[in-house]
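Below is one structure, written out as structure tokens; the observations come after it.
There are 2 protein chains.
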Amino acid sequence: MSLEDLGDKGRRAKSGRAAAKSGVGAKPTLKTIAELTGLAVTTVSHALADAPQIALETRQRVRKVAADIGYLPDRAAQRLRTGRTNVISLVLDPHEEILGYATSMINGLTEALRGTAYHLVITPHFSDTPQIEPVRHIMRNRMADGIVFTRTEPADERVKLLMENNFPFICHGRTELATAHPYVDYDNYSFAYHAAKKLIATGARKLSIILPPERFTFAHHLKHGFMTAVREEGVGFEIAKGVTLDSKSDDIRDYLFRRMGEPERPDGYICGGEVSALAVMASAYDHRLELGRDIRLVAKQTSGLFDQIRPRVETIYEDLAEAGFLMGKLLLKRIAGPAPIQELQALQTV
Amino acid sequence: MSLEDLGDKGRRAKSGRAAAKSGVGAKPTLKTIAELTGLAVTTVSHALADAPQIALETRQRVRKVAADIGYLPDRAAQRLRTGRTNVISLVLDPHEEILGYATSMINGLTEALRGTAYHLVITPHFSDTPQIEPVRHIMRNRMADGIVFTRTEPADERVKLLMENNFPFICHGRTELATAHPYVDYDNYSFAYHAAKKLIATGARKLSIILPPERFTFAHHLKHGFMTAVREEGVGFEIAKGVTLDSKSDDIRDYLFRRMGEPERPDGYICGGEVSALAVMASAYDHRLELGRDIRLVAKQTSGLFDQIRPRVETIYEDLAEAGFLMGKLLLKRIAGPAPIQELQALQTV
DNA sequence: GGGAAAATTTGTAACGATATAGATGAGGCT
DNA sequence: AGCCTCATCTATATCGTTACAAATTTTCCC
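Top to bottom, those sequences are chains A and B. FYI, the numbering for the first sequence is 0 to 349, going by numbering that gives the first Met the number 0. FYI, the numbering for the second sequence is 0 to 349, going by numbering that gives the first Met the number 0.
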């Protein structure tokens, strides 16, 4: 078997020279330290865990030796023995092409995990399987100590499952479930509300908003904020039909181009994504409509992209890297032990 | 200890009903299958490995039972025993803000790993430590069976180290080292060459190119392709000074804005990144220079972004998702065993 | 039917860590 | 001295898997 061969090959992989002071040779284990210090493996283990029943002086000595030879506990062994994986799983739908969305979040997560024993594993969720599958799989086979996922739904099955089993997780977005759960969310209600107000303040008379697919909770938040603002101001409005923020950008543009050529076209657009905002601009351009006069636009900004877009566009910022960072921190707190649920929730303000 | 509690909690996690046919209860192991079939654990292990010395009928029976109860080998145990981690490590610099660069690559990698036993782990490389650190760490502590990294340098230390130790890896970009190594690269020479030719063909008289930091190999490739074209055509040229593709986008724009206000400004720009292309457009806009007349531009396109940009920009496509996919496939091939080096190299054409 | 060869199955040890329970020795008290 | 307590350290078993060597059963041939 080639697999087997490879394992052995990996194991005996060593260069010509023997172990130098940095221990280039065989990987140090507890046994190595035990031999070096004359202690038992068990003692070394306890000493490194800073167990109080080991003499302080011994603990220090062991720690010194461990540091000197560059000992690192074997994750596989720890995992096998304790059941802890030291892994955080980020469930990602590779289909989501949302520009840099994942990258920012990964960066934030990475930063939150920095200095801990935790690793970040990307678990793909392919759209041809139910959304809950990867989560169930991770939980059932204990592939991770905690799960991060995005695009939460009002009655999210993943949340239910994980809550039922008391499995640590955090999601980007809220549910409408009765029981509270950990989350990090952006205040999309306020985003849409303020975006609408801004458009109206600059003269828009009929607003339009492109929403995410209806199944996501934040679609409702956006809609609610939008509706509240237009009702308060008594202006005309519509909700983009047939396209969502998840539609292919060309489809969004085609829709917008069509709509902009019809009578009673909206003159103010709210875009929850950068690409859809560009699609608005492209459609306006193709109709020779002038931005800021014929068509107004407020976009959600999640990257530095819009700093380079001309004409300048009114934007409201959502910090996805911070969201990732918060998710990481809160998840770690949850994994460390039960915590008051409020301490595991965060709402990013506009 | 709470950690321990957590482990145990996870372990005995079971709902009210006992194990149904899907085996909701205790996680099935080889032992479970052994009891169910009346075979020894060793036999089951061999059977699942499809060892020829186990009777075919037995193998089939074992496989059936395993499938029925949803058995999955314990990764930690396998890893401990065999030394194989079933992990591919993608070393990422979270500092790189290059829009969606990582996401596309991750998507491709994920796709390549689909259906295999391999997981993708993101290993961050924080810019405050030497580039080689994460690689050394992964290798020394066998955190992965293979490494993927990007932004290769002409005399890349990581390549040297990994080659010396015969550790499976693949990098995005080539080196100038004497010994061949696995890589996936995009033909940036041709990109720059063709971009320059296009600009000249549409009337540009003085070209400019914004290069990546000089330490990366692909900076040389771009420069070489660029220089070849301008020399062939005998047009004026310059190389952007003081800024690189890694500069903050505002800095790039500031540079361009300044340069566009000076005498003998270039009238044709080659941009190796989407953001820098937008910066060119923004600068031109701010100077009221018209694109296609006063300023020409050819950009590298790595996402659907430019489909929504107006005025339309001439682009040349680089498929990063495919690059990720290729990297995954080639790395897997390398991990499976030694292979002719040419079979582990891929050059994406423009 | 006896015995060797082939086919099939099994026991044991080990990977590196840790939970549990137990061992050792020093010192205090009567 | 004898007994007990406390502080410190240690032996054993175990997590789930697989390499290796060995045991068992079946098959085949004379």
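Glycine included, every Cβ here is placed at the ideal spot set by N, Cα and C. These numbers were taken from a predicted model, which means no experiment stands behind them.
Verify whether the separation of the beta carbon atoms of residue i and residue j is less than 9 Å.
i, j, result
"Lys299(B)", "Glu321(B)", "no"
"Ile87(B)", "Val147(B)", "yes"
"Met226(B)", "Phe236(B)", "yes"
"Asp285(B)", "Phe256(B)", "yes"
"Val158(B)", "Gln344(B)", "no"
"Gly224(A)", "Phe168(A)", "no"
"Thr178(B)", "Met162(B)", "yes"
"Thr368(A)", "Tyr70(A)", "As shown, chain A starts at 0 and ends at 349. That puts residue 368(A) outside it, with no answer to give."
"Asp67(B)", "Thr28(B)", "no"
"Arg295(A)", "Ala239(A)", "no"
"Ala194(A)", "Ile308(A)", "no"
"Leu89(A)", "Ile131(A)", "no"
"Tyr268(A)", "Leu198(A)", "yes"
"Val43(B)", "Ala54(B)", "no"
"Glu313(A)", "Thr201(A)", "yes"
"His219(B)", "Pro153(B)", "yes"
"Leu79(B)", "Val61(B)", "no"
"Asp306(A)", "Arg252(B)", "yes"
"Thr102(A)", "Thr57(B)", "no"
"Ala75(A)", "Ala76(B)", "yes"
Could you pull out every residue in the same chain whose Cβ sits closer than 6 Å to the Cβ of residue i, ignoring the five residues on either side in sequence?
i, result
"Asp293(B)", "none"
"Lys8(A)", "Its pLDDT being 31, under 50, Lys8(A) is placed unreliably by the model, and the measurement read from it follows with that caveat. Answer for Lys8(A): no residue qualifies."
"Leu346(B)", "Asp184, Asp186"
"Asp155(A)", "Thr174"
"Val23(A)", "The predicted model places Val23(A) with a pLDDT of 48, which falls under 50 and marks its position as unreliable, so this point remains unresolved."
"Pro339(B)", "none"
"Gly99(A)", "Ser302"
"Met326(B)", "Val147, Ile169, Val183"
"Tyr117(B)", "Asn85, Ile87"
"Thr348(B)", "Asp186"
"Ala111(B)", "Phe324, Gly327, Lys328"
List the whole-angstrom C-beta distance separating residue i from residue j, where the pair is believed to meet the contact cut-off of C-beta under 8 Å.
i, j, result
"Arg113(A)", "Pro123(B)", "7 Å"
"Glu248(A)", "Ala278(A)", "With the sequence shown as reference, residue 248(A) is identified as Ser, and Glu is not the correct amino acid for it. Right, the Cβ-Cβ distance comes to about 6 Å (below 8 Å), so this counts as a contact."
"Asp144(A)", "Ile334(A)", "5 Å"
"Ala221(B)", "Gly272(B)", "Per the sequence presented here, residue 221(B) reads as Leu, with Ala not at that position. Contact doesn't hold; Cβ gap of about 11 Å is too wide."
"Pro310(B)", "Leu290(B)", "5 Å"
"Met104(B)", "Leu319(B)", "5 Å"
Hey, could you find the ends of the alpha helix (DSSP H) residue i is sitting in?
i, result
"Leu35(B)", "29 to 36"
"Ser88(A)", "Segment 86 to 91 is the beta strand (DSSP E) holding Ser88(A); no alpha helix (DSSP H) there."
"Lys159(B)", "156 to 163"
"Thr151(B)", "Where Thr151(B) is concerned, there is no enclosing alpha helix (DSSP H), given that its DSSP letter is neither H nor E."
"Ile105(B)", "100 to 112"
"Val312(A)", "Per DSSP, Val312(A) belongs to no alpha helix (DSSP H) and is neither H nor E."
"His219(A)", "216 to 232"
"Pro133(B)", "131 to 139"
"Ile334(B)", "319 to 335"
"Ile199(B)", "187 to 200"
If I measure Cβ to Cβ from residue i and keep anything under 7 Å in the same chain, skipping five residues before and after, which residues do I get?
i, result
"Phe217(B)", "Gly172, Asn187, Pro211"
"Arg92(A)", "At residue 92(A) the sequence reads Asp, which differs from the Arg that was named. Closer than 7 Å at the Cβ level, and outside the excluded window around Asp92(A), lie His124, Ser126."
"Thr115(A)", "Leu331"
"Ala65(A)", "Ile32, Leu47"
"Ala276(B)", "Cys270, Leu296, Ala298, Val312"
"Leu288(B)", "Met259, Ile294"
"Ser1(A)", "With a pLDDT of 33 at Ser1(A), under the threshold of 50, the modelled position of this residue cannot be trusted, and the question is left open."
Identify, in the order they occur along the chain, each residue of the same chain with its Cβ nearer than 8 Å to the Cβ of residue i, setting aside the five sequence neighbours on each side.
i, result
"Arg264(B)", "Lys205, Arg258"
"Arg141(B)", "Gly82, Thr84"
"Met138(B)", "Ile146, Leu160, Leu161, Asn164, Phe166"
"Leu108(B)", "Ile87, Leu89, Leu119, Val147, Gly323, Phe324, Met326, Gly327"
"Glu232(A)", "Ala195, Lys196, Ile199"
Can you tell me where the beta strand (DSSP E) with residue i in it begins and where it stops?
i, result
"Gly145(A)", "145 to 148"
"Gln347(B)", "344 to 347"
"Glu350(B)", "Outside the displayed span of chain B (0 to 349) sits residue 350(B), for which this structure offers no information."
"Leu387(B)", "No statement about residue 387(B) is possible, as the shown extent of chain B runs from 0 to 349 and does not include it."
"Leu206(B)", "205 to 209"
Inset, instruction - Please list the segments of the beta strand (DSSP E) lying wholly inside the segment 234 to 300 of chain B, counting only runs of 3 or more residues, in order along the chain. - result: 235 to 238, 267 to 270, 295 to 300
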